[in-house]
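The structure appears right after this line, and notes come after that.
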Amino acid sequence: MEPLLEDTRPSVFLPQHVTLLLTALGVYLMSTWIYNLYFHPLAGFPGSKIAAASGLYEFYYDVVKKGQYLYKIEEMHRQYGPIVRINPYEIVINDPSYYNEVYVTSNTRRTSLWPAYRSGVGFDDCHLLTEDHHLHRRRRKPLEPFFSRIGIIRMEETIISEAKSLNNRLEGLKGSSSVICLDHVFTAFAADVIAEVCYGSPSKMMTKDEFGADCAIHPDTAAGSMMTQRVEQAQRESAETRVREKPTLFRHIMTSDMPASEQSVERLTNEAMAIFGGATGTTPHALALISYYILSNQEIRERLGEELAPLMSDYPDNPPKSTDLEKLPYLQAIIKEGLRLSYGVMRRLPRRSPDVALQYKQWTIPKGTPVGMGAYSLHTNSDVYPEPFDFIPERWLGAYDPRMNESWVPFSRGSRKCLGSKYEPIHPLYFAHGLVWCQSTNKKWQSSNG
Ligand code: HEM
Ligand SMILES: *[C@@H]1O[C@H](CO)[C@@H](O)[C@H](O)[C@H]1NC(C)=O
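As numbered in UniProt numbering, residues 1 to 450 make up the sequence shown, in order.
See below:
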């Protein structure tokens with residue numbers, strides 16, 4: 001009798017309960033899988049059933065296998081065609097002619113984000129991660145004037161002065177047989193440039209050991225709290241007249257007519273971190289990739305050296321201007337090719353159309369569905385770019401296939417296009433100055449340099 005009494009005590013967790021729970025879970029999972037496969041609004045879209053049934057497939061490739069889903073999606077396109085359902089909720093399209101339909105400007109229609117794709121980044125209320133179309137516009141608009149006018153001039157001056165520090169540091173390391181990581185070098189270069197642009201003093205990353213490789217921009221790091229201090233400083237300064245004398249991006253934000261609710265130090269710090277992260281996560285990678293190809297390919301090195309030589313004869317006393325560099329076709333081709341192979345953001349950037357359905361060929365994509373297109377797929381399409389994984393700047397010279405422009409999307413497009421792409425006209429300057437040291441091994445270069 002006694003054991004029976006004990007067994008019936010309600011606090012004891014019995015094997016029957018476990019079985020019951022597992023059964024309930026099983027029924028729940030089965031029914032969601034069945035719903036996703038047969039009754040979901042996206043049920044009729046092409047793609048693998050296992051991917052459409054649950055998020056587990058993507059989880060496996062992206063989390064367990066560390067970011068491999070991108071390549072799996074490529075395979076799906078080969079198997080199922082240009083439009084595929086890659087998880088229960090999301091559509092990915094691989095067709096350059098449709099890019100401008102997904103990434104539209106704000107006067108075409110509203111575009112919202114899919115929060116699940118971006119949660120956990122750490123600075124949610126910056127404009128980059130803002131889900132709602134109108135709030136995104138309200139947050140982005142005040143930044144725009146800075147990027148188009150004063151910002152460009154300031155960026156140009158800053159690049160030239162920071163490039164000198166870059167070259168000095170690299171010259172100093174010559175013959176020391178220390179191994180340097182170009183990603184770190186150029187991230188430090190970009191961070192020093194953008195710090196000057198954002199708050200008017202360099203971050204001096206270039207003088208740090210390992211080029212400050214261990215600095216991470218996140219609300220919880222030292223770099224994050226430094227950013228908060230800079231924002232507070234800009235807020236104090238915005239009352240003073242020298243704001244107009246020495247404009248910085250942060251001071252510009254403080255004096256722009258943003259509603260007070262958008263001006264909290266916390267939100268602006270997140271904005272600052274997103275801009276900082278945007279500038280240091282992309283340009284340096286392109287620059288490091290280009291350096292690699294220049295250093296490992298004598299022909300490219302010589303051809304670029306020849307093209308740059310006339311402008312560099314009096315370097316560094318009289319550095320070339322971006323308006324001169326802009327006219328160099330080979331340098332431009334190198335930049336385009338570098339941005340093609342460094343992708344910008346490799347992965348799909350899902351956008352939602354909250355008001356109207358999208359029509360792709362015979363498929364009607366219900367409104368609100370996240371639809372993405374990845375730069376990786378578009379930039380490595382061998383129909384458009386033969387030998388897609390080779391660095392061939394020449395493909396951008398002379399008359400070329402107009403689909404190459406259509407497929408080239410390192411900055412994305414539409415209302416949420418990279419704000420830094422406004423700096424595109426000064427890319428030649430940025431890249432040429434970053435690459436000066438690459439050229440110092442070039443005979444032609446040295447002879448014209450005296
Ligand atoms: C080669 C250089 C760069 C590339 C390839 C690049 C690429 C991109 C891409 C693909 C996006 C869209 C991201 C998304 O939809 O999630 C983006 C957004 C953005 N980028 Fe860049 N970027 C570059 C440089 C810069 C620089 C130098 C800055 C700032 C000074 C910057 C600031 C931003 C900002 C603020 C956004 C958010 C725009 C918005 O959501 O409205 N980027 N960038
Ligand atoms: C590609 O775009 C560039 C500038 O964005 C333009 O100068 C060029 O003519 C275009 N080329 C083709 C083939 O469409």
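Just so it is clear, CB atoms sit at the ideal spot from N, CA and C, and this is done for glycine as well.
Below 7 Å between beta carbons: does that hold for residue i and residue j?
i: Y199; j: R230; result: yes
i: A191; j: T280; result: yes
i: M373; j: I93; result: yes
i: S112; j: R352; result: yes
i: H127; j: R109; result: no
i: A51; j: I86; result: yes
i: I159; j: H433; result: yes
i: A105; j: G414; result: Position check: residue 105 holds Thr in this sequence, whereas Ala was assumed. For T105 and G414, yes; Cβs fall inside 7 Å.
i: Y330; j: E307; result: yes
i: F189; j: L166; result: yes
i: P88; j: N168; result: no
i: V102; j: V371; result: yes
i: F123; j: A260; result: no
i: G420; j: G278; result: yes
Run through the DSSP bridge pairs and tell me what residue i is partnered with.
i: G372; result: V92
i: Y360; result: W363
i: V84; result: V92
i: R351; result: V371
i: S112; result: R352
If contacts are defined as beta-carbon pairs under 8 Å, then residue i and residue j qualify, I think. What distance do you get, rounded to the angstrom?
i: P410; j: G344; result: 4 Å
i: A272; j: M254; result: Actually they are not in contact, since the Cβ atoms of A272 and M254 sit about 11 Å apart, beyond 8 Å.
i: D183; j: A309; result: No, D183 and A309 are not in contact; Cβ-Cβ is about 28 Å, not under 8 Å.
i: P142; j: D257; result: 7 Å
i: L249; j: G151; result: 7 Å
Is it buried or exposed for residue i, if we count other Cβ within 10 angstroms and need 16 for buried?
i: R303; result: buried
i: M205; result: buried
i: Y430; result: buried
i: S201; result: exposed
i: N270; result: buried
i: H252; result: buried
i: G224; result: buried
i: V384; result: buried
i: E237; result: buried
i: P350; result: buried
i: F186; result: buried
i: A357; result: exposed
i: S322; result: buried
i: L369; result: It is Thr, not Leu, that sits at residue 369 in the sequence shown. Classification of T369: buried, given that the 10 Å Cβ count is 16 or more.
i: G67; result: exposed
i: S203; result: buried
i: L20; result: exposed
i: K422; result: buried
i: C438; result: buried
i: Q446; result: Residue confidence is low: Q446 scores 46 on pLDDT, short of 50, so the model does not pin down where it sits. Its coordinate-derived value is still stated next. Under this definition Q446 is an exposed residue.
i: residue 461; result: There is no way to answer for residue 461, as the model of the chain reaches only from 1 to 450.
i: L4; result: Bear in mind that a pLDDT of 49 at L4, under 50, signals an unreliable position, so the number given afterwards is only what the model happens to contain. By the 10 Å Cβ count, L4 comes out exposed.
i: E2; result: Unreliable positioning characterises E2 in this predicted model, as indicated by a pLDDT of 49, which lies under 50. The coordinate reading is nonetheless provided below. Its Cβ having fewer than 16 others within 10 Å, E2 is exposed.
i: E75; result: exposed
At least 3 beta-carbon pairs within less than 8 Å: the region 20 to 31 vs the region 69 to 82: In short, these stretches do not touch, since the Cβ pair count stays below three.
At least three beta-carbon pairs within less than 8 Å, the region 82 to 98 to the region 400 to 420: Cβ pair count under 8 Å is three or more, so yes.
At least 3 beta-carbon pairs within less than 8 Å: the region 176 to 183 vs the region 130 to 141: Short answer: they don't touch.
Examine the Cβ distances between the region 361 to 375 and the region 35 to 53 and report whether three or more of them are shorter than 8 Å. At 8 Å Cβ cutoff, the stretches touch.
Flag this pair as touching only if the region 52 to 67 and the region 367 to 384 have three or more C-beta atom pairs under 8 Å; answer yes or no. With contact defined as three or more Cβ pairs closer than 8 Å, the region 52 to 67 and the region 367 to 384 are not in contact.
Taking 8 Å as the cut-off, does the region 247 to 265 touch the region 106 to 120 (at least 3 CB pairs, one atom from each stretch)? Under the 8 Å Cβ criterion, the region 106 to 120 does not count as touching the region 247 to 265, having fewer than three qualifying pairs.
Is the region 334 to 342 in contact with the region 384 to 394, if contact means three or more CB pairs nearer than 8 Å? Segments in contact, yes.
Taking 8 Å as the threshold, find out whether the region 293 to 310 comes into contact with the region 327 to 338 through three or more Cβ pairs. Contact between the region 293 to 310 and the region 327 to 338 is present, because at least three Cβ pairs lie under 8 Å.
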